[in-house]
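Numbered per UniProt numbering, the sequence shown spans residues 1 to 161. Quick reminder that beta carbons are idealized off the backbone N, C-alpha and C, glycines included.
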Amino acid sequence: MLISEKINAEFNRQIGHELGNANQYLAIATYFEQDGLFGLAKIYYKQSDEERDHAMKFVKFLIDAGGTAKIPAIAEPKNGFDSAVDAAQLAYDSEVKTTKQIYDLVALATEEKSYIALNFLQWFLSEQLEEVSSAETRLSVIRRAGPSVLMVEAYLAHEGV
């Protein structure tokens, strides 16, 4: 095995986090679609798919590194939101939390001198920069729109989303 048992266990935990994020984004997308906000729904459906892809990257890495991938139970996501801002804030907070989790994995891989794990995690560091930035931008646009969330839909249509 090219990684330690500790890294294997923490990567399995991250699989659960990524799948939990996928479910949370699915719940957010569903909220927007049920509210007739199809542009926002499309964004969050795509985010859900991306989070599942992130989990799969960890699964494939563990298998390729001779480790053992385990798919954990996933907690129920938050369903139903008070507002579009509430939903977008949760998405932003999730990305900030995920970034901290990736930082913790990088710290562990560094501590254990697991260069193969560090190399793998580099992609996630770049990805989290993009994810947090995008989530923050969406939250800002939705906040500026205030109660006129349809303006966000018009903005997204103009941007080609």
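Find the nearest neighbour of A129 within the set L108, P147 and Y103, judged by alpha-carbon distance.
As a first step, residue 129 must be located in the sequence shown, where it is residue number 129. For clarity, residue 129 is Leu in the given sequence; the question names Ala instead. It is Y103 whose Cα lies nearest to the Cα of L129.
Within its chain, find whatever has a CB closer than 7 Å to the CB of Y92; leave out the 5 residues flanking it on each side and keep chain order.
Within the sequence shown, the letter at position 92 stands for residue 92. Excluding residues within five positions, the ones whose Cβ falls inside 7 Å are A135, E136 and L139.
Once you ignore the five residues that flank L118 on each side, which residues in its own chain have a CB closer than 6 Å to its CB?
Residue 118 sits at position 118 when you count from the first residue of the sequence shown. The answer, listed in chain order, is A109.
Is L37 helix, strand or coil by DSSP?
For the purposes of this step, residue 37 is taken as the residue at position 37 of the sequence shown. The answer is coil: DSSP assigns L37 none of H, G, I, E or B.
Specify the secondary structure class of A73 as computed by DSSP and reduced to three states.
As a first step, residue 73 is located in the sequence shown; it is residue number 73 there, counting from the start. It is coil, neither helix nor strand.
Hey, could you find the ends of the alpha helix (DSSP H) A84 is sitting in?
Stepping through the sequence shown from its first residue, residue 84 is reached at position 84. Per DSSP, A84 belongs to the alpha helix (DSSP H) from A84 to E111.
Taking 6 Å as the limit between beta carbons, can you name the residues of its chain near S4, skipping five residues before and five after?
Here residue 4 refers to the residue found at position 4 when the sequence shown is read from its first residue. Correct list, in chain order: E112.
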